[in-house]
Each structure stands twice: as structure tokens, then as C-alpha cells.
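**Q**
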Ligand SMILES: *Cc1c(COP(=O)(O)O)cnc(C)c1O
């Protein structure tokens, strides 16, 4: 392992060889500019679910013959904290999964995000109070895979960038950031994607900047939100300069970092007119510069939900940015509905060379929502990083069947799973591996329930689960019981409580057939999302009702503190993955894809990716009203959420699902659905295929080897049709 310590002008890093470090850096700084600069407000890539360096270390003897440096890194990487709390949900995890696939496929890229010293909030759950948000305890200084980048000219000092803010449009105030680097290293440890996390909470930044840069999606005020967006977007040009990056393409993962566009336009104008550009540029010069900048921007929009689109009052923007920014925004980002606001989503929609939605249905929705840009909106359906989300037990299973040989490098080989339908050996082995995953999940839940019971006497938190309060042996969950998983952010349109809408009906289905069911739920609501939090509380309140009405057959569990590790346990251990958003508000959804990677069927409304993953019912079940895509169905008003109608549709299919799982003569049909997931969905809904489709939009000149591999992946699927 000694050779996996490498050094360059920015520091000393562990996990890649000098050759790899140099190759990556050469790509990012080469005069051809064939690399991506990926900008995202959040990046979720916790090391406790995927950690190739640690894996390699565990197979290596680090002993007294090793260098001091290696022993130092080895100790850190084997024992140190593995989480960096800079994701709030699906957007961040998609970013992390994307970067991991870039690394696997050797697509040259670097990512930029912010470093949040308070991270995203931690969730406690109390049965009376519902969700309680608490501070997240972490520090970059103690996180082994984060490196503070050095200033090459003064190696004892950290590298810093600065960006100007303006008080009342003219008076300049500098915000300064240090750069932390994290590496998304691939499984072979022979390529990586650097992620630059900007720490604006440093002594040389003004106090008001430090205040608002500490929490992901700080919701204290619109001003805090606008400042955070600007910290991300306005940092891109200085980062490119200080690191010598040549990336010709900037990928905006959501519009959060779109302020970079304003800097690039100003840069173009300054080239043309010199320092007096502010006075000399006419409106048509500005439009022309914007068109030029657009050639370098790829934009992905992730949601049709209004709260996901950034709109800011003009006064507010005027208070923090230069008056010239306001002029650009006036020309390029005037909100259509509110004359006093700028619409940053519109700006991103306007200034790009490719505008992508994240599923086929979402493309239609986005075209309706932004009719003036309809012609250029395309679809690249999301995916998940298969190596991250396939459980150890399933990975061992896939490894042991020749039909799936090489699935790690090439998820397209899952298409061969069709050959396994007739293999009794595979079917049995699949069920065994599944049982291992289910047992792991159920053990976790049972331990949690008894832990909460004990904690009750030591803390002021009331156990969030009804079953923690009864202690007669019945509270224990069994892995043989049909287990439904549901976990995602709690927001109104996701309708976590949908299937409990008519509890009597649900209970009747369970009781009349004597089919026990575990419902295992998890998820956070943004601290300022009151309706989201009230749905968590509602789910807690339904637990005893379900339990009592089903004579103890129905058990509804809520696992607090949803994160990637819990997600992985749930998507692989559940017997079915439930997804009940109000169509068409779920642009893609990715947790269902994680389930599919593990062969777990989905039960879902026809929304987001499931429209493409459903395959006429071979891979799972659908329910709910399949509305036409119209602006009216984007409403989140309670009456538009169709609780009654869609839950009734669920009750219609639920008995069939239970029977298929429990009745011996039907069970093989259930396993068929699992195998169909491997055959139909694993090859498509992974980030390798997705990255290959993006690479086409990026228009990169890549080495023959890389290009060939991408070409092969693209043959499998074309999202845009
Ligand atoms: C996958 C994942 C999500 C996103 O799930 P959706 O189905 O897209 O809502 C959110 N949080 C965590 C921790 C995840 O792993």
C-alpha cells in the first residue's frame, strides 16, 4: 500500500498512486479543456456504504515494515469517522453516485460544493413531539478522507479563494473560503474525481458570511438562502483560476450554482470591452455574451415542485450583489409571475447548451412548466451507483453465477439474468441472500426498539415507536413477515401516509387473510417544512391504531436518522419497496432503483422513473390515477393530492401482493419479479449508463478506451425519446 501515498502542490493524499494523481490533475488542467466541472449544493457519498480504500486496506497487512506515513493513514482510514453530512436527500446522493461512476468510467471531472460545518440537521424523533432537529456533530479536521488544500506558494498556509459581495450594490466586502478536497476513488484505485468543498466559515470571512454558510439549506431567511447560492456559484471562476482548471463544460446539478453564469458573462464582456465593460456593454452585447456562455453550460433540473425553484426578491439580490448583476438578471431572469422577483431556474433554463430533465415523464412535465424552452428540454433518466447500493449478500450472489460475470465493471451484463429464471440454484441462492439482508434489517429494528425502551428512562425522548412501549415478546419483528420499506424525504407530495388513508380497509385486508405485515418507514423533513413534519407525526400516531386493528399483525415502524447506511439496509432487506408520490411530482426518485439493484420489486404510482421501470408489471406493481400531464396536476393543494382515489387503488392490488408472497404455489411468481428486476432494470437505472448519456451532452474528446466503453453503455438505452 505504500505506493498509494501521493503528493502534489496541493497536499499529500492517500488511496491513489502518484501516477493516478498526476493523470487526474493533467486531465483537469490540459489545454484541451476536456473535463467537467460539476457544481452541486450537496454531495452524498458516505464512506460507510462504499469505501474502496478501506476495503483494500482490510485486505493488506500494514505492519511494522510499513512506512510511518502508511501506518498513519491506515489508522485514520480504518477507524476514522466515515460520514460527511453534506446531503439532504436524493439530489446529493445522485451527485455522489454520479461522481463515483465518473471515477469508474474515467470521465475527467471535478466537483465543487460547499462545506457545511453544521452539516444537515440530525433527526431525533419523539412520539409526542415528532421530529426534533438537532446539531450534527462532525468536523472536517477529524474526517480522514478530507484534505485541507495547501497554498503552493506558502505550504504552511491553506489555499484560499475570495469572492466579492456588495453592500447596496457598490461597496465591496470579501468573503473568503478554504478548500477541502475529498476524492471519489474508484474500486481499482486507479482513477478518482476530486470534490472541492468550500469552507466559508473561516476567520478571514465576515461574520455574517460565516453565520449563513454553516448549515445545508439554511432556512433562517431568504437572505441566507440567496447568500448560500451565491457562495456556490460565484466561487467557480476563482476556483478555476487558483487550481488552473481548464474544464470547458460546467454541469449545474440544479440551478443552485447558476450565479456562475453571471460571472462568465461579465468575463466575456470584460474581454471585449476592457474594464469599462459595465458602462459600455449594451443589452444586445449582454445577450450575445450569454449565448456564448451557454455553450459551456449543461443544466439538470430535478423537480417540478415550486419550492425547488429559486426565486428571490430583487431588493434582496440588490443588497448583496453588484448592480451589474442586477442588470444581467433583469435581462435574463425576470420571473414571469412576479415582477419583483428574479427566477434563477429560468436563468439556468435559458443559459445552457443542454437542459436535462431526470426521466421521460419529467421531460413532459418540464416542457409544460417551461413552454418557452420546451424545444431544448431533453431527458436523461437518473440512475444509482450499483456498486454502492447492492448489498454484500447480493454482491456475493451475483459474483457466484457465471451468467453475471463482470457485473461490477459492466452493469449491462445484468441483462443476462434472463438466463437464470430456470436455475433452481439461482432462485434458492437469491432467496437465501435476501433472507440475510432482511434479517439484518429486522435485527436492526428489534435492537433499536429495545434500545429506545431503555433510553426512555435516561433521556427526555419518548420512544418514537409504539412497539417500544410494549414488552411481552410480541413487539419483536420477524424476518419471515412480509416487509414493506418506505424511506425518503418527508414532503407533502410524497404522501408517506397514503396507504393508511383508510385504516379500516387496510386492517381488513391484513386480518381477513391472516397475513402479517411489517411497514418500515424512515425519512427526514426539512426543519422548516411544517407540513412534512406533520406527516412524520401522523405516521407515528398511526402505529397503535394499525397494531390494534390488526390484532398485532400489522407493525408500523419509524427508524429515525435516515441516512445512506439505513437506506442501503432498507432497500436490500425489504420484500417490496413502496413509492406513493402524487403523479407527476416525483421527477425521478432513486430509492426504488436501489431496491431494483437488489432484485426487490417496487409497488409504486406511475411517476418518475417507474414509468420506465415497470415493464407491464413484470418488475413490480403499479397503482394510482395516471393523469395526463397538465399544469393543473402540479398543484400540491390537499384536494389535488388524490388521497382517497390513490389509496383505494392500492387496497385493490395489496391482497394479490400478499398472496403472492405468502402462498407457496404463487411464490415463484414473486421471485420471477425479482429476476426481472435484475434483467430489465439493473442494466438501465445505474449511473454508469446515465453518465454515458451525459458524456454525449458534454461533448468531450476522450481516450478511445473510455469512449468505447461509454458507447457500449449508450447502446443499452436512450432516455430521450
Ligand atoms: C436514495 C436516498 C434518497 C432519495 O430517495 P428518493 O426515492 O429519490 O426520494 C434520500 N435519502 C437517502 C438517504 C437516500 O439514500
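Numbering (my numbering), first residue to last: 13 to 733.
Yeah, the Cβ is synthetic: ideal placement off N, Cα and C, and Gly gets one too.
None of the values given here were measured: they were computed from a predicted structure.
(1) In whole angstroms, what is the alpha-carbon distance linking residue 473 and residue 306?
(2) Among the residues of its own chain, which have a CB less than 6 Å from the CB of residue 116, if the five just before and after it don't count?
(3) Within this structure, are the beta carbons of residue 482 and residue 532 separated by less than 8 Å?
(4) Looking at residue 323 and residue 355, is the spacing between their C-beta atoms short of 8 Å?
(5) So is the beta-carbon of residue 429 under 7 Å away from any non-hydrogen atom of ligand 1?
(6) So, helix, strand or coil for residue 536, using DSSP?
(7) For residue 341, which residues from the same chain have a beta carbon less than 6 Å from its beta carbon, with the 5 sequence-adjacent residues on both sides left out?
(8) Relative to the C-alpha of residue 296, which candidate in 330, 309, 339 and 549 has its C-alpha closest?
(9) Rounding to the nearest angstrom, what Cα-Cα distance links residue 312 and residue 597 in this structure?
(10) Among residues of its own chain, excluding the 5 on either side of residue 269, which ones have a beta-carbon nearer than 6 Å to its beta-carbon?
(11) Considering residue 734, what are the terminal residues of the alpha helix (DSSP H) in which it resides?
(12) Mind checking whether the beta-carbon of residue 508 lies closer than 7 Å to any heavy atom of ligand 1?
(13) Report yes if the C-beta of residue 501 is less than 7 Å from at least one heavy atom of ligand 1; otherwise report no.
(14) Here's the rule I'm using: 16 or more other beta-carbon atoms within 10 Å means buried, otherwise exposed. How should residue 611 be labelled?
(15) Could you spell out the range, first to last residue, of the beta strand (DSSP E) harbouring residue 700?
(16) Alpha carbon to alpha carbon, how far is residue 589 from residue 329?
(17) Under 8 Å, with one C-beta from each stretch per pair, do the stretch 443-463 and the stretch 581-588 reach the 3-pair mark?
(18) Should residue 537 be counted as a contact of ligand 1 given a C-beta to heavy atom distance under 7 Å?
(19) May I have the straight-line CA-CA distance separating residue 320 from residue 513, to the nearest angstrom?
(20) Locate the alpha helix (DSSP H) running through residue 511, then write down its first and last residues.
(21) Which residue marks the beginning of the alpha helix (DSSP H) containing residue 625, and which one marks its end?
(22) Indicate the three-state DSSP secondary structure (helix, strand or coil) for residue 464 in the structure shown.
(23) Can you check whether the CB of residue 69 is closer than 8 Å to the CB of residue 225?
(24) Going by DSSP in three states, residue 41 sits in which element: helix, strand or coil?
(25) Examine the Cβ distances between the stretch 211-226 and the stretch 186-195 and report whether three or more of them are shorter than 8 Å.
(26) Is the CB-CB distance between residue 247 and residue 210 below 8 Å?
(27) Hey, how far is the Cα of residue 360 from the Cα of residue 299?
(28) So, is residue 434 buried or exposed, given that buried needs 16 or more other C-beta atoms within 10 angstroms?
(29) If you follow the alpha helix (DSSP H) that residue 660 is in, where does it begin and where does it stop?
(30) Can you tell me which of the three DSSP states residue 408 falls into?
(31) Give the single residue among 183, 703, 95 and 165 whose Cα lies nearest to the Cα of residue 150.
(32) Please report how far the alpha carbon of residue 479 lies from the alpha carbon of residue 337, in whole angstroms.
(33) Would the beta-carbon of residue 333 fall within 8 Å of that of residue 178?
(34) Quick one: Cα of residue 376 to Cα of residue 497, how far?
(35) Specify the secondary structure class of residue 372 as computed by DSSP and reduced to three states.
(36) Does the beta carbon of residue 576 fall short of 7 Å from some heavy atom of ligand 1?
**A** If we stick to the structure as given:
(1) Cα to Cα, residue 473 sits roughly 52 Å from residue 306.
(2) Once the five neighbours on either side are set aside, the close Cβ partners of residue 116 are 198.
(3) Taking 8 Å as the Cβ cut-off, residue 482 and residue 532 do not qualify as a contacting pair.
(4) Yes, the pair counts as a contact, with Cβ atoms nearer than the cut-off.
(5) Checking the Cβ of residue 429 against ligand 1 gives no.
(6) It is coil, neither helix nor strand.
(7) Excluding residues within five positions, the ones whose Cβ falls inside 6 Å are 354.
(8) Check the Cα spacing between residue 296 and each of 330, 309, 339 and 549: the tightest is with 339.
(9) So the alpha carbons of these two residues sit roughly 16 Å apart.
(10) Once the five neighbours on either side are set aside, the close Cβ partners of residue 269 are 51, 244 and 245.
(11) Since the first residue shown for the chain is 13 and the last is 733, residue 734 is missing from the structure and cannot be characterised.
(12) In this structure, residue 508 has its CB at a distance of at least 7 Å from all heavy atoms of ligand 1.
(13) Flag set: Cβ of residue 501 near ligand 1.
(14) That one is buried.
(15) In the DSSP annotation of this structure, residue 700 is not part of any beta strand (DSSP E); the continuous alpha helix (DSSP H) holding it starts and ends at 699-710.
(16) When the Cα atoms are used, residue 589 and residue 329 turn out to be separated by approximately 43 Å.
(17) Three or more pairs of CB atoms, one per stretch, sit closer than 8 Å, so the stretch 443-463 contacts the stretch 581-588.
(18) Taking the Cβ of residue 537 as the reference point, every heavy atom of ligand 1 lies at 7 Å or farther away.
(19) Across the structure, residue 320 and residue 513 are spaced so that their CA atoms are roughly 27 Å apart.
(20) Per DSSP, residue 511 belongs to no alpha helix (DSSP H) and is neither H nor E.
(21) Start and end: 622-625.
(22) Helix at residue 464.
(23) Not in contact: residue 225 and residue 69 (Cβ atoms no closer than 8 Å).
(24) Residue state for residue 41 is assigned as helix, using DSSP reduced to three classes.
(25) Output reads yes: the stretch 186-195 touches the stretch 211-226.
(26) In terms of Cβ geometry, residue 247 and residue 210 form a close pair [threshold 8 Å].
(27) The straight-line gap from Cα to Cα measures roughly 14 Å.
(28) With fewer than 16 other Cβ atoms from the protein chains shown falling within 10 Å of its own Cβ, residue 434 counts as exposed.
(29) That run of the alpha helix (DSSP H) goes 655-674.
(30) DSSP places residue 408 in helix when its eight states are reduced to three.
(31) It is 95.
(32) Near 56 Å, if we compare the C-alpha coordinates of residue 337 and residue 479.
(33) Yes.
(34) Using only the alpha carbons, I get a separation of about 29 Å.
(35) In this structure, residue 372 counts as helix in the three-state DSSP scheme.
(36) At least one heavy atom of ligand 1 lies less than 7 Å from the C-beta of residue 576.
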